[in-house]
Amino acid sequence: MHEWALAEAVISSLSEITRKKGLRKIKGAYILLGEMQNIDRKVFRFAVRELTKNKKPFDGFTLNIKNEKTTLKCRSCGNEWTFSFSSKMPEDYLEAIHFIPEVSHVYIKCPKCGSRDFEIVKGRGVWIKSVKGVR
Amino acid sequence: MHEWALAEAVISSLSEITRKKGLRKIKGAYILLGEMQNIDRKVFRFAVRELTKNKKPFDGFTLNIKNEKTTLKCRSCGNEWTFSFSSKMPEDYLEAIHFIPEVSHVYIKCPKCGSRDFEIVKGRGVWIKSVKGVR
Amino acid sequence: MDPRPSLIDKRVKNVRRVIAVAAGKGGVGKSSVASMLALELSKRGYKVGLMDLDFYGPSAHVILGARGIQPSEDKGIVPPEVSGIKFMSIVYYAGDSPCPIRGIDVSNSIIELLTITRWGDLDFLVLDMPPGFGDSTLDVIRLLKKTEFVVVYTPSKVVIETVEKLVKMLKENKVSILGLVENMKTRGSDSAKRELKDFGIPFLGSIWLDKGFENSTGSPEKLLKTHFIKDIRSIIPKLKARKVR
Amino acid sequence: MDPRPSLIDKRVKNVRRVIAVAAGKGGVGKSSVASMLALELSKRGYKVGLMDLDFYGPSAHVILGARGIQPSEDKGIVPPEVSGIKFMSIVYYAGDSPCPIRGIDVSNSIIELLTITRWGDLDFLVLDMPPGFGDSTLDVIRLLKKTEFVVVYTPSKVVIETVEKLVKMLKENKVSILGLVENMKTRGSDSAKRELKDFGIPFLGSIWLDKGFENSTGSPEKLLKTHFIKDIRSIIPKLKARKVR
Ligand SMILES: Nc1ncnc2c1ncn2[C@@H]1O[C@H](COP(=O)(O)OP(=O)(O)O)[C@@H](O)[C@H]1O
Ligand SMILES: Nc1ncnc2c1ncn2[C@@H]1O[C@H](COP(=O)(O)OP(=O)(O)O)[C@@H](O)[C@H]1O
Ligand SMILES: [Mg+2]
Ligand SMILES: [Mg+2]
Ligand SMILES: [Mg+2]
Ligand SMILES: [Mg+2]
Ligand code: NI
Ligand code: NI
Ligand SMILES: [Zn+2]
Ligand SMILES: [Zn+2]
């Protein structure tokens, strides 16, 4: 369960924003979780709850999570396709991608031309889309 | 005058599109010229005229050129700034950037923090924005 | 907004020194020096981490003979130990397969690893840098502000040419440079040393070309008996934190 | 839409062979082999081009002693000649300064250079590849389809590890591999050769460790008198176009 570390990054980042923008309170945040990383939402939410507990600016904080589908684009032939964890891939490949999405280049090829030279256009990992705070 | 080569790339690319899309005629194209490369428009237009002369699909072809201002963004401090050739830079630096815009990293720093780790967000070089053709 | 960079500083909060072994050039012995330095420091009882940042040619696991290990998961990932060294490498995730990725993906991988790796308390975190000064080097400079560089060179024209570029670039970025290490020294040419002196950077010592080194790679016990490690020992006292800017 | 890639194929239309000297690993002698190969081919009367694609550690100009030259402009850029070799390098534009750019910028620079450089008629265009297999290698594979690879290795575990990865990756991309060149051979270890044999790739020959090489770099006349060039001569007949996939 390394989801905790990613939740920590989000909270650390939000705390930084709070400080920099001089916010009194951080009411909520809108987070994208890219499908490629297959982050366990329950664990992620639990970690966020624990990490914000008794932290003044996070009083009443609500987390809005949106799943972001993964789009991959081949640099060789231009083909676009999606990736999801339901794919028939060995468990340990999926595990590796869960930790470092970029190693997908080792395990995934363009279904059209076979090239591994593809771009992870979206749906890679954790992204803070927006933040709601009170000054 | 290496503008000719860039015009050649544009015409080669347009011919490829004509072939691939099965166009009978290519009526016009909308080209962005990034300020960073400081391309001589007159020479560029002249080259395009010469290169399309007596080429059937380019009969009546009109070129629409738009100047694209350069935006640079520092990866270290987030600062965004512009670059233009009117800047007080030695002639040979500007000449080098004219050929390979990326060597700007050798000659330009972030005016705020001094880092050379910046992104060329837009206004780099030649870009085909859109094409008008007849099937 | 990418949330990861904001955590990276905290991840190395309890790491006393971050030392990057770099050259700009490949094949000068960055991985060898980084691995041997980590090994000797660990043997002396320091708490040491080693991170292989060369994603195309990871080598530290080959030199230290680290096979069949994997990080464990605990609120992040905890690096397994090799000869007492907490060791991180992309090989845990890419295996022996080629990882043909572009700079943008290298950058993302490094940021991810730095975000999720829990080093804990360390005296030294040694970074084995890749050749070049692209995404990896720029990210280390940008995200691990406390990094101090050890610059390795060998007495050769093409190497000096590139090493000079790295040093210029580090100085300009106000990055700490601990000093220069000459590797694969043979009798004769001291000219390279003379040329590099102009930079006003401390000279930390030489490592002689060691014909027994290649056959010792893969075995920490053997490595600890090489001439190479003796040369490393005489360099260690000179690694006192000293900012050259 | 980027108009440049569509012109690149045409730029090498009259180039009979494009040979990339690569390794994945740094410091094995890619630049030395590429430069010496270009030099010997040129001396034999072939029309030869040499392009240094290592933007962090460009070396070919140091080896060939190419200083004070610059391309001329004529409907693009025309590479100047060094010992009869049409020579392109980023040093014309970046000078001796470090070029601390990320992969995306390396890629863009290479695409730009390939778009505007007019090689004209050539028998051979030799590409001096950087270490790694990131942006530069991926762009060569993607944009210069007629490229054939010569893979250089030295008899060392860490080198073999990386070279194997490069070979796997090239094979997978159905790129032509002309064969393997062993560099810096010394008496003894043939084990590396044995290990690499499994790949079913032709062995093109060995270049012995040449103690006189370093002092000859910078001077084509001296280079043409080294042991190194003799070894190159025995490799050339084996460079007959042969697709290994
Ligand atoms: N002092 C030395 N004596 C002998 N061989 C060495 C020495 N230092 C490094 N080597 C060898 O040189 C090659 C390159 O070393 P490596 O550490 O992988 O370089 P880099 O990480 O800079 O690419 C390896 O084969 C290594 O065994
Ligand atoms: N056969 C050889 N004999 C002696 N020295 C060599 C030989 N091949 C290469 N070298 C030296 O090895 C170093 C690395 O060579 P270089 O061509 O720059 O490698 P790369 O391009 O793979 O990084 C240089 O100092 C070069 O002079
Ligand atoms: Mg380096
Ligand atoms: Mg290394
Ligand atoms: Mg290579
Ligand atoms: Mg080289
Ligand atoms: Ni996990
Ligand atoms: Ni011009
Ligand atoms: Zn494809
Ligand atoms: Zn800045």
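Heads up: the protein sequence lines correspond to chains P, S, W and B, in order. So for the first sequence, the numbering used here puts the first residue at 1; every next one is plus one. So for the second sequence, the numbering used here puts the first residue at 1001; every next one is plus one. So for the third sequence, the numbering used here puts the first residue at 2001; every next one is plus one. So for the fourth sequence, the numbering used here puts the first residue at 3001; every next one is plus one. Virtual Cβ for every residue (Gly too), placed ideally from N, Cα, C. Model, not experiment: these values are computed from the prediction.
query                                                                                                                                 : result
Min CB distance D40 (chain P) to chain W below 8 Å                                                                                    : no
Unbroken stretches of the alpha helix (DSSP H), 4 residues or longer, contained in the region 1022-1103 of chain S                    : 1041-1052, 1091-1099
Same chain, Cβ closer than 7 Å to H98 (chain P), five either side skipped, listed in chain order                                      : Q37, N38
Residue-chain proximity (K2185 (chain W), chain B), Cβ-Cβ < 8 Å                                                                       : no
V3033 (chain B) beta carbon less than 8 Å from that of I3207 (chain B)                                                                : yes
Within chain W, the residues that S1076 (chain S) reaches when beta carbons sit closer than 7 Å                                       : R2142
Cβ-heavy atom distance, S3059 (chain B) to ligand 6, below 7 Å                                                                        : yes
Between the CA atoms of F2228 (chain W) and T82 (chain P) - distance to the nearest angstrom                                          : 50 Å
Rounded separation between R3245 (chain B) and M3001 (chain B) - CA only                                                              : For R3245 (chain B), the predicted structure reports a pLDDT of 43, less than 50, and the residue's modelled location is therefore unreliable. A value from the coordinates is still provided. Each residue's Cα considered, the two are about 32 Å apart.
Neighbourhood of ligand 9 [Cβ distance below 5 Å to any heavy atom], ordered by chain position                                        : P:C74, P:S76, P:C77, P:N79, P:C110, P:K112, P:C113, P:S115
Chain W within 8 Å of V3244 (chain B), Cβ atoms only                                                                                  : The pLDDT assigned to V3244 (chain B) is 45, lower than 50, so where the model puts this residue is not dependable, and the model offers no usable value.
Strand pairing of V2015 (chain W), partner residues [DSSP]                                                                            : W:L2122
7 Å Cβ cut-off: residues of chain S touching L2138 (chain W)                                                                          : D1117
Beta-carbon proximity check, L3178 (chain B) vs L3239 (chain B), cutoff 8 Å                                                           : yes
8 Å Cβ shell around N64 (chain P) - same chain, five flanking residues per side excluded                                              : G28, A29, Y30, I31
Test: K2145 (chain W) CB closer than 8 Å to a CB of chain B                                                                           : no
G2089 (chain W) beta carbon near ligand 4 (any heavy atom closer than 7 Å)                                                            : One point to set straight first is that residue 2089 (chain W) is Ser, not Gly, in the sequence displayed. It does not: the Cβ of S2089 (chain W) is nowhere closer than 7 Å to a heavy atom of ligand 4.
Chain W contacts made by the region 3096-3110 of chain B, where a contact means CB separation under 9 Å                               : D3096, S3097, P3098, C3099, P3100, I3101, R3102, G3103, I3104, D3105, V3106, S3107
Complete beta strand (DSSP E) runs within the region 3031-3055 of chain B (minimum length 3 residues, chain order)                    : 3048-3052
Any non-hydrogen atom of ligand 6 within 7 Å of K3047 (chain B) CB                                                                    : no
Own chain partners of R1045 (chain S) with C-beta closer than 7 Å, once the 5 adjacent residues on each side are dropped              : L1063
Min CB distance R3067 (chain B) to chain S below 8 Å                                                                                  : no
Nearest to K1042 (chain S) (by Cα), restricted to the options S:Y1093, S:T1052, S:I1017, S:E1003                                      : S:E1003
Beta-carbon contacts of E3148 (chain B) that lie in its chain and below 6 Å, excluding the five residues immediately before and after : I3019, S3176, L3178
Best match in P:G34, P:L6, P:D59 for proximity to V134 (chain P) [C-alpha to C-alpha]                                                 : P:D59
is_contact[V1048 (chain S), chain B] using C-beta, thresh 8 Å                                                                         : no
Within-8 Å CB hit, Y3056 (chain B) to chain W                                                                                         : yes
Neighbourhood of L1023 (chain S) by C-beta, 8 Å cutoff - its chain only, sequence neighbours within 5 removed                         : I1017, P1057, G1133, V1134, R1135
Pick from S:K1073, S:A1009, S:Y1093 that is closest to V1136 (chain S), judged by C-alpha positions                                   : The displayed coordinates of chain S run from 1001 to 1135. Any statement about residue 1136 (chain S) would go beyond what the structure contains.
Assigned secondary structure, K2211 (chain W) (DSSP; H/G/I helix, E/B strand, else coil)                                              : coil
Residues that V10 (chain P) contacts on chain W, provided the C-beta gap is smaller than 7 Å                                          : P2003
Any C-beta of chain B under 8 Å from that of F1099 (chain S)                                                                          : yes
Whole beta strand (DSSP E) elements within the region 3097-3164 of chain B, 3-residue minimum                                         : 3122-3128, 3147-3153
Where L1006 (chain S) falls: helix, strand or coil (DSSP)                                                                             : helix
Contact with chain B by E2161 (chain W), beta-carbon distance below 8 Å                                                               : yes
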